[in-house]
Amino acid sequence: MDLLYSIFIDPFVQMVQVPDLFVQTLWEGLVSGVLYALIALGFVLIFKASGVFNFAQGIMVVFAALTLIGLYTLLGRWGLGSGHFAAFVALALTIAVMYAVAFGVERLMLRPLVNQPDIILFMATFGLTYFLIGLGEIVFGGEPKIMIAEQLYLPKGSIDFKILGGLVSLQKIDIAAAVIASVMVATLAVFFQKTRIGRALRAVADSHKAALSVGISLEQIWVIVWFAAGIVALATGIMWGARSNVSFALQIIALKALPVLILGGFTSIPGAIVGGVIIGVGEKIGEFYWGPLLGSGIESWLAYVIALVFLLFRPQGLFGERIIERI
Amino acid sequence: MFYREAGQYKSSYEADAAVFPLRQDRIAIAAILLVAFVVLPLTASDFVLSSVMIPILVFSLAAIALNILTGYTGLISLGTAGFMGVGGYACYKLTSAFPGINIVVHIALSGFFAAGIGVLFGLPSLRIKGFYLAVATLAAQFFLSWCFIRVAWLYNYNVSGAIEVPTRTLFGVTITGPTASPQARYLVVLCFVVVMTWLASNLVHGRIGRMWMAVRDMDIAAELIGIKLYQTKLLAFAVSSFYCGVAGALMVFLWLGASEADSFNINQSFLILFMVIIGGLGSLVGSFFGATFIWGFPILLRVLPDYVNALIANIHGLLYLPGRPIVWVINSATVEHLQFMFVGALIIFFLIVEPHGLARLWQIAKQKLRVWPFPY
Chain A
-8 MDLLYSIFID
2 PFVQMVQVPD
12 LFVQTLWEGL
22 VSGVLYALIA
32 LGFVLIFKAS
42 GVFNFAQGIM
52 VVFAALTLIG
62 LYTLLGRWGL
72 GSGHFAAFVA
82 LALTIAVMYA
92 VAFGVERLML
102 RPLVNQPDII
112 LFMATFGLTY
122 FLIGLGEIVF
132 GGEPKIMIAE
142 QLYLPKGSID
152 FKILGGLVSL
162 QKIDIAAAVI
172 ASVMVATLAV
182 FFQKTRIGRA
192 LRAVADSHKA
202 ALSVGISLEQ
212 IWVIVWFAAG
222 IVALATGIMW
232 GARSNVSFAL
242 QIIALKALPV
252 LILGGFTSIP
262 GAIVGGVIIG
272 VGEKIGEFYW
282 GPLLGSGIES
292 WLAYVIALVF
302 LLFRPQGLFG
312 ERIIERI
Chain B
467 MFYREAGQYK
477 SSYEADAAVF
487 PLRQDRIAIA
497 AILLVAFVVL
507 PLTASDFVLS
517 SVMIPILVFS
527 LAAIALNILT
537 GYTGLISLGT
547 AGFMGVGGYA
557 CYKLTSAFPG
567 INIVVHIALS
577 GFFAAGIGVL
587 FGLPSLRIKG
597 FYLAVATLAA
607 QFFLSWCFIR
617 VAWLYNYNVS
627 GAIEVPTRTL
637 FGVTITGPTA
647 SPQARYLVVL
657 CFVVVMTWLA
667 SNLVHGRIGR
677 MWMAVRDMDI
687 AAELIGIKLY
697 QTKLLAFAVS
707 SFYCGVAGAL
717 MVFLWLGASE
727 ADSFNINQSF
737 LILFMVIIGG
747 LGSLVGSFFG
757 ATFIWGFPIL
767 LRVLPDYVNA
777 LIANIHGLLY
787 LPGRPIVWVI
797 NSATVEHLQF
807 MFVGALIIFF
817 LIVEPHGLAR
827 LWQIAKQKLR
837 VWPFPY
């Protein structure tokens, strides 16, 4: 009885009694949800446009962020100073590096693997993950680094609201992350639906052979889409790095994007955002109110279990296209 | 020439359906077993036995487990290490609850606990497949890892949060615990691996294995010819997790000697997946190749820097630059990262050059031997 009370009633009583804490938790969840969504967005981009489930998206986030910081320090050492200008030069250079990565991936990995089964391509991105981890550690070192948020004109500090008889504080950087995520999603949605390249991307996702036969250059499309995913990774890396440090541990956190994808569906860009928010909020609320019952730390698996339960009822995700199977 | 079936006639269906129909194969396998059971324990050093052979055998078993699920049944699993952990912890609980029963029995029994958990997490596999299932097994991995840390009952409320393997004997010989000799541990692991590989070989060559492969190749078609999908998939999960559990118990009791939750983290799952991919999906012998390769390669790399550094120093001396310090020395951290890069690059390389893994290379080699000295 006591247990049932503490599971089904007590958390809700707490929510009502201390509403400001509830709102704060909700906001925290929302923000981490947006960040999960940003990673998931990278996955969706590549999956939508090449049918490849890109396991390396997480490490691409870390890699992009580390490249940015590394280039910034390098520029500082070369005497370009350490102000806003150097930061933006570093940003531009990082984008160039991400393009190089996309180009290399296409040339060395995807091109020889064209028309292989999905599982083989999936495994290949595993290889890419390990490769990038090793490369990143050798080039940048393993210790956590501080993101150059201030130099990139990202806001710092927090805004406090006095509502519901308490204090709710919102980090400005979180608000910026939410705004940037929304802008990115909107841009990508327009890009996919309205532009020529967007349509070509969707054609490639449907069938490699058919796309080739109507004259779409597979090579070009792959470079474009991996480059776009690289830029999304860079944005994610900056945002996430500005909240905490940039380290390789982020790569494991990036796995959280997988349940987000399942919730939202592998092919839906809005789905990634909605799924991210659901997972983020569910996780934080679950951890805060029900976590102590189980001995805390449930954040590490709650997202997966939410996704698992969800899968049983709607295997194609919230916004995913219905899977029709034929023999 | 060397490997030809000429003159070997079969007079019964049993002989024709044998796993090793050729005399050369039977001789080879007997020779390998002889080396493994007699020559290695007598000649190999303790280091080779306890840090090379035992891990390779344990990982081979785990790779067979994953191969049954992924290679034969086509269900991707990223929760291998979690299921191995279930086996390890179950064995620990069993041997502390019933210290009178022999440890070997406990190791075998712990597989059933893992199988139970495996079936539980395999339940969604009817409705979902492919990447979705991979995420579902990821849920198992993270949930189980969390259990190994938070559920203190599993490690008998030990303050350190780790399990210490008690000393147990078999026929009067100590086989677990700190005093066990590498030879004894190696032989016990080897017996387990040989017996379980033999069982797995019979499973995958028989009716059940064919059911699994039918499900892998096209599940709807398999259903139409009368294979019950749900039972078949769950059976694959159960058998695979059983093997995982035994591998985990062997890992804790006969290899590591002590274990904490970190031994069963997600990276371990990935490692075993790589072994299966590089070894060859859907091949038992490939599991051994993959485990040997992935485990042996880093050991080689670890030995390598000493030589390379010596070489660099030599060149340095030859070039006669005594005033300048040696700039480029490979240290162990760099080696570890290089290892990551190499493994990653190798995976991509293998997928491009030979998507069917080392097992296919072995087949090609056999074919070449068969027709030698002719090209085809």
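From first to last, the protein sequence lines are chains A and B.
The first sequence begins at -8 in our numbering and counts up by one.
The second sequence begins at 467 in our numbering and counts up by one.
All residues carry an ideal CB built from backbone N, CA and C; glycine is no exception.
Keep in mind it's a predicted model, so treat the numbers as computed, not measured.
Residue i versus the options, residue with shortest Cα-Cα distance
i: B:L523; options: B:Y623, B:A666, B:V655; result: B:V655
i: A:A196; options: A:N106, A:V272, A:P261; result: A:N106
i: B:L701; options: B:Y621, B:I498, B:T758, B:L586; result: B:L586
i: B:L737; options: B:S526, B:V552, B:D683; result: B:S526
i: B:L804; options: A:E128, A:G20, A:V4, A:G70; result: A:E128
i: B:A715; options: B:V625, B:T635, B:G473, B:F578; result: B:F578
i: B:L508; options: B:A472, B:D491, B:L653; result: B:L653
i: A:I243; options: B:L535, B:E471, B:F608; result: B:F608
i: B:T633; options: B:P521, B:R682, B:S562, B:M807; result: B:S562
i: A:G42; options: A:W292, A:L192, A:I297, A:G277; result: A:L192
i: A:Y121; options: A:I50, A:E278, A:S291; result: A:I50
i: B:W664; options: B:F486, B:F564, B:E471; result: B:F486
i: B:F513; options: B:W721, B:T546, B:A825; result: B:W721
i: A:M89; options: A:A233, A:V223, A:T258, A:I269; result: A:V223
i: B:L676; options: B:Y538, B:A825, B:W828, B:S516; result: Position check: residue 676 of chain B holds Arg in this sequence, whereas Leu was assumed. Residue B:Y538 is the option with its Cα nearest to B:R676.
Residue i, DSSP secondary structure in three states
i: B:S667; result: helix
i: A:I289; result: coil
i: A:E134; result: coil
i: B:L544; result: coil
i: B:A847; result: Any answer about residue 847 of chain B is impossible in this case: the structure gives chain B only from 467 up to 842.
i: B:T635; result: strand
i: A:I111; result: helix
i: B:Q474; result: coil
i: A:V88; result: helix
i: B:S725; result: strand
i: B:I693; result: coil
i: B:P839; result: coil
i: B:E480; result: helix
i: B:I830; result: helix
i: A:V22; result: helix
i: B:P648; result: helix
i: B:T640; result: strand
i: B:I813; result: helix
i: A:S235; result: coil
CB of residue i within 8 angstroms of CB of residue j, strictly
i: A:A248; j: A:Y27; result: yes
i: B:V843; j: B:G554; result: Residue 843 of chain B lies beyond the stretch modelled for chain B, which goes from 467 to 842, so this question has no answer here.
i: A:I86; j: A:L225; result: yes
i: B:I414; j: B:F740; result: Lying outside 467 to 842, the shown extent of chain B, residue 414 of chain B is not represented and no answer is given.
i: A:A31; j: A:G255; result: yes
i: B:I744; j: A:P103; result: no
i: B:V670; j: B:L750; result: yes
i: B:A628; j: B:G711; result: no
i: A:G267; j: A:A56; result: no
Any chain B beta carbon closer than 8 angstroms to residue i
i: A:L101; result: no
i: A:M114; result: yes
i: A:A298; result: yes
i: A:L303; result: yes
i: A:L126; result: yes
Beta carbon proximity, residue i to chain A, threshold 8 angstroms
i: B:L767; result: no
i: B:I818; result: yes
i: B:F486; result: no
i: B:W838; result: no
i: B:T804; result: Reading off the sequence, residue 804 of chain B comes out as Leu, not Thr. Taking Cβ atoms only, chain A reaches closer than 8 angstroms to B:L804, which makes this a yes.
Alpha-carbon spacing of residue i relative to residue j, whole angstroms
i: A:Q162; j: A:L59; result: 23 angstroms
i: A:G273; j: B:V501; result: 56 angstroms
i: B:V793; j: B:L812; result: Model confidence at B:V793 stands at a pLDDT of 49, short of 50, so the residue's coordinates are unreliable and nothing is read from them.
i: B:I674; j: B:N624; result: 42 angstroms
i: B:V801; j: B:L767; result: 7 angstroms
i: A:Y295; j: B:F637; result: 46 angstroms
i: B:M679; j: A:A245; result: 33 angstroms
i: B:G588; j: A:L303; result: 12 angstroms
i: A:E19; j: B:I534; result: 42 angstroms
i: B:Q474; j: B:R836; result: 14 angstroms
i: B:P648; j: B:T758; result: 19 angstroms
i: B:E630; j: B:T642; result: 10 angstroms
i: B:I573; j: B:V661; result: 13 angstroms
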